[in-house]
Amino acid sequence: TVVQPDVAAATRPLVRPCPGRIRHFKI
Amino acid sequence: VPPGLGLAYRELDCDDPETEQVAMEAVDYINKNRNRGYKHTLNQIDKVKVWPRRPMGEVFEIEIDTLETTCHVLDPTPVVNCSVRQLTEHAVEGDCDFRVLKQDGQFFVSFAKCDSSPDSAEDVLKVCPDCPLLAPINATRVVRTVEAALTAFNADNNGSYFQLVEVSRAQLVPLPPSTYVEFAVAATDCVAKEVTDPAKCNLLAEKQYGFCKATLNEKATGDAVDVTCTVFQTEPKLPQPQPDTYTLTPGVASAVPATLPANLPAAAMVVGPLVV
Numbered sequence: 948t949v950v951q952p953d954v955a956a957a958t959r960p961l962v963r964p965c966p967g968r969i970r971h972f973k974i
Numbered sequence: 002v003p004p005g006l007g008l009a010y011r012e013l014d015c016d017d018p019e020t021e022q023v024a025m026e027a028v029d030y031i032n033k034n035r036n037r038g039y040k041h042t043l044n045q046i047d048k049v050k051v052w053p054r055r056p057m058g059e060v061f062e063i064e065i066d067t068l069e070t071t072c073h074v075l076d077p078t079p080v081v082n083c084s085v086r087q088l089t090e091h092a093v094e095g096d097c098d099f100r101v102l103k104q105d106g107q108f109f110v111s112f113a114k115c116d117s118s119p120d121s122a123e124d125v126l127k128v129c130p131d132c133p134l135l136a137p138i139n140a141t142r143v144v145r146t147v148e149a150a151l152t153a154f155n156a157d158n159n160g161s162y163f164q165l166v167e168v169s170r171a172q173l174v175p176l177p178p179s180t181y182v183e184f185a186v187a188a189t190d191c192v193a194k195e196v197t198d199p200a201k202c203n204l205l206a207e208k209q210y211g212f213c214k215a216t217l218n219e220k221a222t223g224d225a226v227d228v229t230c231t232v233f234q235t236e237p238k239l240p241q242p243q244p245d246t247y248t249l250t251p252g253v254a255s256a257v258p259a260t261l262p263a264n265l266p267a268a269a270m271v272v273g274p275l276v277v
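Residue numbers (the working numbering), protein chains in the order written: chain A, 948 to 974; chain B, 2 to 277.
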């Protein structure tokens, strides 16, 4: 993402809140 | 509605400990209220919304994915000790929608709807080209295998005559030509060695269930059946609170016989699982 030095880039969550983690395997 | 209060739901992280607690309550509810098939375990939380509930409490609207374990629902083993059915065994998943009320730190399931479906044949064969797929439980070979296995089990059994409760799963194995089945059984008031007409036997008032795994090998010299059954310890079932609406797919509908005479002799208490 290219931004101007004094403009804060939009922050995106590092982890999507949903769906959650897979505990075993996905079928 | 007073202005400003709103009726908006709050969003919660699917891996939030509170969400996970609700999901575990939902899975526990599934396992306590199914009476056929296998216990399920939580695989993934898909969505969660938390609605305020007046005068107090919150309602969790939650969607979860579950996976079938190898423990039958009649097996008293806690689900945490049950293995998840692997892809190579043709795994089955469940998709469930729940509404769970949380009030004063307690959970109450008010709605539950689950659909279960096996993995696709393509997916199974992709990871294991030679693995046998699930077969219809009314297939001729399956029915023949269950009948032969139950007959063999009862012939070797010195106690009660056991009758079939349900066929839980079946696989047709191409090489060597054989049929693998898993089925649930229940003790009756007949003595296995003395039964002449099984139709006249009645389930015991204090139910005693068992779970069997059997293979019928088709040989040129004739069929050979190999069966192993585990008889579960009897335990009184406490009544579970029922939700207002509770829907299950036909595949998970009740198979346990309804009412039985109350004056039948009680089952003998078995200490720990008995493998015959």
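Ideal placement from N, C-alpha and C gives every residue a C-beta, glycine not left out.
> Can you find a C-beta in chain A that's less than 8 Å from the C-beta of C15/B?
Replying inline: yes
> Start and end of the alpha helix (DSSP H) containing K103/B?
Replying inline: First-last for K103/B: V93 to Q104, but that is the beta strand (DSSP E), not the alpha helix (DSSP H).
>> By the three-class DSSP mapping on this structure, what secondary structure does A136/B have?
In response: coil
> Excluding the five sequence neighbours on either side, which residues of its own chain have a C-beta within less than 7 Å of the C-beta of S84/B, listed in chain order?
Replying inline: T70 and T71
> How big is the Cα-Cα spacing for K127/B and L205/B?
Replying inline: When rounded, the distance between both Cα atoms is 45 Å.
>> Using a Cβ-Cβ cutoff of less than 8 Å, which residues in the same chain neighbour V51/B once the five nearest sequence positions on both sides are dropped?
In response: Y10, R11, E12, L13, E59, V60, F61 and E62
>> By the DSSP assignment, the alpha helix (DSSP H) with A149/B in it spans what residues?
In response: T141 to A156
> Using the C-alpha atoms, what's the distance from T152/B back to F163/B?
Replying inline: Between F163/B and T152/B, the C-alpha separation is close to 9 Å.
> DSSP state of D124/B, grouped into three classes?
Replying inline: helix
>> With a threshold of 6 Å on Cβ separation, who are the neighbours of L75/B within its own chain once the five nearest residues in sequence on each side are excluded?
In response: A185 and Y210
>> Closer than 9 Å between beta carbons: that is the criterion. Which residues of the segment 34-49 of chain B meet it against chain A?
In response: Within the segment 34-49 of chain B, the residues whose Cβ lies closer than 9 Å to some Cβ of chain A are T42, L43, N44, Q45, I46, D47, K48 and V49, listed in chain order.
> What span of residues does the beta strand (DSSP E) with T197/B cover, start to end?
Replying inline: Unbroken run through T197/B: none, as it is neither H nor E.
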